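Per the UniProt record's numbering, the sequence shown starts with residue 1, numbered consecutively.
Everything below concerns the one structure shown next.
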Amino acid sequence: MKPIAFQRLFCLAVFLLGTQSTHAQSQDSQENKIMEQNQIHTVIETNNAAVAAGDIEGVLATFEPDGVLVGEPGITAKGTPALREAFKQFIAINPKITITGHEIIQADDIAIHSSTWKMSGLAPDGSPIEQSGFSVVVLRKQPDGRWLMVIDNPFANHLLPKN
């Protein structure tokens, strides 16, 4: 084989091997992304299930210790004691939360979970409560690999004009 033909064949082989390696890395990266997004969504679902079960400790386990909850537009609860009190009041209405659509955007160890939701519960007088909205939750990946909520704003749609 002539040197030039060998060089071309060698370059082609290196290119093809590199393409396969890049494709395999891309596939691994995509699988990791899907797995991480599933973990992130599971935190949200775990939080909602704990709220529905009246499990305040379960709710708090989904937050970082200095996490923030927007209890209603303009009113926040920060840190475990404040979160405990806010969720204690919320759980009193026996809420059932359903996510109707969601999206996750992730940048390394930070993620945003955006979702539309519906909630039903009972007011202290026994009358039904029905609400819906748009939620934005910021999560951070912990050193142990878990994802926890840093900021939970279930009223992110409050800035939109009312129709």
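By construction, the Cβ of each residue, glycine as well, lies at the ideal position given by its N, Cα and C atoms.
If you're wondering where the values come from, they're calculated on a predicted model, not measured in any experiment.
| Taking the C-alpha atoms as reference points, what is the distance between Gly126 and Ala111? | Taking the straight line joining both Cα atoms gives about 38 Å.
| query | Given Asn157, which residues of its chain have a CB within under 6 Å of its CB, disregarding the five upstream and five downstream residues? | reply | Once the five neighbours on either side are set aside, the close Cβ partners of Asn157 are Gly133 and Phe134.
| task | Please report the residue range of the alpha helix (DSSP H) in which Ala82 lies. | result | Thr80 to Ile91 is the extent of the alpha helix (DSSP H) around Ala82.
| task | In the DSSP assignment, find the alpha helix (DSSP H) that holds Gly58 and state where it starts and stops. | result | Counting along the chain, the alpha helix (DSSP H) containing Gly58 begins and ends at Ile56 to Leu60.
| query | Could you give the C-beta distance for Leu83 and Ala77, rounded to a whole number, given that I count them as a contact under 8 Å? | reply | Your pair Leu83 and Ala77 checks out as a contact, with CB atoms roughly 5 Å apart and the cut at 8 Å.
| message | Counting C-beta neighbours from all protein chains within 10 Å, is the total for Thr42 16 or more, i.e. buried, or is it exposed? | response | Answer is exposed; the Cβ neighbour count stays below 16.
| task | Can you have a look at Ile44 and say buried or exposed, based on whether 16 or more other CB atoms are within 10 angstroms of its CB? | result | Ile44 is classed as buried because its beta carbon has at least 16 other beta carbons within 10 Å across all chains shown.
| task | Please go through the same chain and pick out, in chain order, the residues whose beta-carbon is closer than 6 Å to the beta-carbon of Gly121, but skip the five residues on each side of it. | result | If we look at Gly121 and ignore the five residues flanking it on each side, its Cβ neighbours are Ile93, Asn94, Pro95 and Ile129.
| Of the choices Thr100, Asn47, Val150 and His102, whose alpha-carbon is the least far from that of Phe90? | Closest by alpha carbon: Asn47.
| message | Report the CB separation of Ile97 from Val51 in whole angstroms; it is logged as a contact under 8 Å. | response | Contact flag correct, Cβ pair sits at about 6 Å.
| task | Buried or exposed for Ser115, please, with buried defined as at least 16 other CB atoms from any protein chain shown within 10 angstroms of its CB. | result | Residue environment: Ser115 is assigned as buried (16 or more neighbouring CB atoms within 10 Å of its CB, all protein chains considered).
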